[in-house]
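Heads up: the sequence shown runs through residues 22 to 457, numbered per my numbering. First up is the structure itself, then whatever we jot down about it.
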Amino acid sequence: MAPETQIYDPDGDVTLVFDKEPHDILAGPKRKFDSNFVSTDAGEVSTEKEERQEREEIRMLVSSKHLALSSPVFRALLTGGLKEGEVLRSEGFVTFPLPEDDVHAFSLIMNIIHARNNSLPNEVSLSTLTSVAILVDKYRFYESVTPWARLWITKYDLKRPATVCKELTGWLCISWVFGLPDEFARATATAALHITSTGIYGTPRGKELSEALPIPASINTKLEETRQNAIKYVMVNLNSIQKRLATDTTLCTIGESNCVALMLGTMERSATVRGLWPFSESYIHSFNTLAHQVRMLDIRSLCGLQSKQEPSPDTSAAASNGSFGGSSSFYQTNSQNPRFPLSSSSSQSSPFLFSQSNSSSQSSPFSFSQNSSSSQSTLFSQNQPPQGRFGTPQRPQAPASKGHDIAGTVAEMIADVERWPVFAKGLDLKDFAVQQ
Numbered sequence: 022m023a024p025e026t027q028i029y030d031p032d033g034d035v036t037l038v039f040d041k042e043p044h045d046i047l048a049g050p051k052r053k054f055d056s057n058f059v060s061t062d063a064g065e066v067s068t069e070k071e072e073r074q075e076r077e078e079i080r081m082l083v084s085s086k087h088l089a090l091s092s093p094v095f096r097a098l099l100t101g102g103l104k105e106g107e108v109l110r111s112e113g114f115v116t117f118p119l120p121e122d123d124v125h126a127f128s129l130i131m132n133i134i135h136a137r138n139n140s141l142p143n144e145v146s147l148s149t150l151t152s153v154a155i156l157v158d159k160y161r162f163y164e165s166v167t168p169w170a171r172l173w174i175t176k177y178d179l180k181r182p183a184t185v186c187k188e189l190t191g192w193l194c195i196s197w198v199f200g201l202p203d204e205f206a207r208a209t210a211t212a213a214l215h216i217t218s219t220g221i222y223g224t225p226r227g228k229e230l231s232e233a234l235p236i237p238a239s240i241n242t243k244l245e246e247t248r249q250n251a252i253k254y255v256m257v258n259l260n261s262i263q264k265r266l267a268t269d270t271t272l273c274t275i276g277e278s279n280c281v282a283l284m285l286g287t288m289e290r291s292a293t294v295r296g297l298w299p300f301s302e303s304y305i306h307s308f309n310t311l312a313h314q315v316r317m318l319d320i321r322s323l324c325g326l327q328s329k330q331e332p333s334p335d336t337s338a339a340a341s342n343g344s345f346g347g348s349s350s351f352y353q354t355n356s357q358n359p360r361f362p363l364s365s366s367s368s369q370s371s372p373f374l375f376s377q378s379n380s381s382s383q384s385s386p387f388s389f390s391q392n393s394s395s396s397q398s399t400l401f402s403q404n405q406p407p408q409g410r411f412g413t414p415q416r417p418q419a420p421a422s423k424g425h426d427i428a429g430t431v432a433e434m435i436a437d438v439e440r441w442p443v444f445a446k447g448l449d450l451k452d453f454a455v456q457q
């Protein structure tokens with residue numbers, strides 16, 4: 022069978038040869054032929070060479086001038102001292118075999134650089150757009166293709182991934198290659214939440230995709246650093262809470278000697294059930310997975326259970342003064358039901374710090390000060406309610422119950438990390454040099 026020939030310039034002097042088999046970078050790799058495979062039905066042995074001979078090809082007749090003008094890579098091949106340039110000058114034509122390139126994506130680029138605008142579609146699939154981005158980066162077709170690529174990208178305004186999926190790596194590639202800051206920020210924010218220690222973005226083919234796509238290593242490095250810092254922040258605080266519960270017998274002041282023991286036991290048991298115990302900074306999964314596991318910790322206290330059975334009139338008032346909703350009761354104090362013994366000073370350091378010291382002014386990610394004029398925590402102002410991801414206000418929480426609400430404190434710690442700029446807004450494209 023004669024190979025199919027696509028003519029982009031009737032007077033063309035360059036022939037590009039492709040495999041007809043389509044390439045879908047997001048769907049997975051093509052099945053590699055095993056030359057040792059023996060058919061059990063026919064008893065025939067097929068070789069890789071025979072398969073290559075039977076494989077259909079597609080040829081493109083194109084102009085060397087258009088290629089050289091649009092691509093610095095082809096310009097070096099065709100006009101320099103390389104073999105291909107010498108063949109073109111001596112024989113008047115040259116053939117380039119491009120078996121690894123996507124034929125459909127390359128045909129779109131050839132239509133663009135040969136000004137065949139009527140042959141170009143108004144929309145393309147995300148997989149095709151990703152393949153176009155790969156070829157643009159590989160051959161440096163930036164100037165010619167970027168206007169068309171941005172036109173196609175506008176069709177995907179409502180289809181950009183808000184969660185991890187196989188398309189996420191495609192959007193990272195597209196936004197990087199074509200210099201799209203909003204799309205890049207959105208994609209990297211999602212990727213930062215889902216990147217793991219073994220690969221990128223939580224997909225089964227994540228590592229393979231991250232290596233195949235033209236995404237700079239510096240971007241992946243920044244995402245991994247953010248993951249590690251977030252995990253360290255959470256684990257250090259969880260260990261600090263556990264250590265305080267294990268060593269301080271004066272935390273509960275309502276007369277229940279087993280209250281702290283219950284908090285410690287339920288914390289450790291719940292963490293063990295969810296695979297978090299002991300709390301380790303070498304956690305291999307994504308921060309998104311860690312956040313879900315930590316939020317599901319079932320930490321209980323006797324004073325909390327007692328308060329549910331015997332509600333006090335001051336509960337709603339105490340809750341209304343707090344800026345942490347359900348977690349405020351862990352830090353709030355009042356004369357009728359003190360949570361922790363107050364010192365003579367007007368300020369009180371947090372029960373849980375990264376490291377304990379004798380200084381009452383030690384700072385901590387979860388260090389709160391209280392004074393006679395205000396019982397609100399220092400992390401947020403009552404006039405400026407906490408913001409959720411992407412600047413949306415958090416939903417109102419239920420009134421705080423009396424007793425130690427460690428679970429609420431831990432949940433707020435996770436929410437605090439989720440407000441970190443990389444998680445909430447993504448990376449800034451300007452921070453990474455675009456080489457075109």
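Glycine included, every Cβ here is placed at the ideal spot set by N, Cα and C. These numbers come from a predicted model, not from an experiment.
Length of the line joining the Cα atoms of residue 197 and residue 147
Using only the alpha carbons, I get a separation of about 15 Å.
Where residue 155 falls: helix, strand or coil (DSSP):
Reduced to three states, the DSSP call for residue 155 is helix.
Residue 37 - partner residues in DSSP beta bridges
Answer is 81, 117.
Would you call residue 293 buried or exposed, if buried means 16 or more other Cβ atoms sit within 10 Å of its Cβ?
Counting Cβ neighbours within 10 Å, residue 293 comes out exposed, since fewer than 16 surround it.
Among the candidates 258, 128, 442, whose CA atom is the shortest distance from the CA of residue 301?
Ranked by how close their Cα comes to the Cα of residue 301, the residues 258, 128, 442 have 258 in first place.
From residue 124 to residue 112, what does the alpha carbon distance come to, in whole angstroms?
Roughly 26 Å between the two C-alpha positions.
Hey, residue 161 and residue 93: beta-carbon distance below 7 Å or not?
If you check the CB distance, residue 161 and residue 93 come in under 7 Å.
Three or more beta-carbon pairs under 8 Å between the stretch 96-109 and the stretch 147-156, yes or no?
In the pairwise beta carbon analysis, the stretch 96-109 is classified as not touching the stretch 147-156: fewer than three pairs are separated by under 8 Å.
Using three-state DSSP, classify residue 305 as helix, strand or coil.
The DSSP-derived three-state label of residue 305 is coil.
Classify residue 316 as buried or exposed, calling it buried when 16 or more other Cβ atoms lie within 10 Å of its own Cβ.
By the 10 Å Cβ count, residue 316 comes out exposed.
Mind checking whether residue 447 and residue 210 have CB atoms under 7 Å apart?
Yes; because the gap between Cβ atoms is below 7 Å, this pair is in contact.
Ends of the alpha helix (DSSP H) at residue 320?
DSSP places residue 320 outside any alpha helix (DSSP H), giving it a letter other than H or E.
What residues are listed by DSSP as bridge partners for residue 175?
Paired residues: none, contrary to the question.
Is residue 81 closer than 7 Å to residue 109 when the C-beta atoms are compared?
Not in contact: residue 109 and residue 81 (Cβ atoms no closer than 7 Å).
Looking only at DSSP bridge pairs, what is residue 28 linked to?
Beta-bridge pairing links residue 28 to 82.
Give me the Cα-Cα distance between residue 150 and residue 202, rounded to the nearest whole angstrom.
Roughly 17 Å separates the two Cα atoms.
If I follow the unbroken alpha helix (DSSP H) through residue 100, where does it start and stop?
Per DSSP, residue 100 is one residue of the alpha helix (DSSP H) stretching across 93-100.
Does DSSP classify residue 437 as helix, strand or coil?
Residue 437: helix per DSSP, three-state reduction.
Report the rounded CA-to-CA distance for residue 279 versus residue 207, giving the unit in angstroms.
Computed Cα separation, rounded: 48 Å.
Residue burial classification, residue 303 (beta-carbon count within 10 angstroms, cutoff 16)
Exposed, by the Cβ-count rule.
Just to confirm, is the Cβ distance from residue 40 to residue 120 under 7 Å?
It is a contact, given that the beta carbons lie within the stated cut-off.
Inter-residue CB distance, residue 214 and residue 169 (contact presumed, cutoff 8 Å)
Their Cβ separation, rounded to whole angstroms, is 32 Å, which puts residue 214 and residue 169 out of contact at 8 Å.
Residue environment, residue 137, which counts as buried when at least 16 other CB atoms sit within 10 Å
Residue environment: residue 137 is assigned as exposed (fewer than 16 neighbouring CB atoms within 10 Å of its CB, all protein chains considered).
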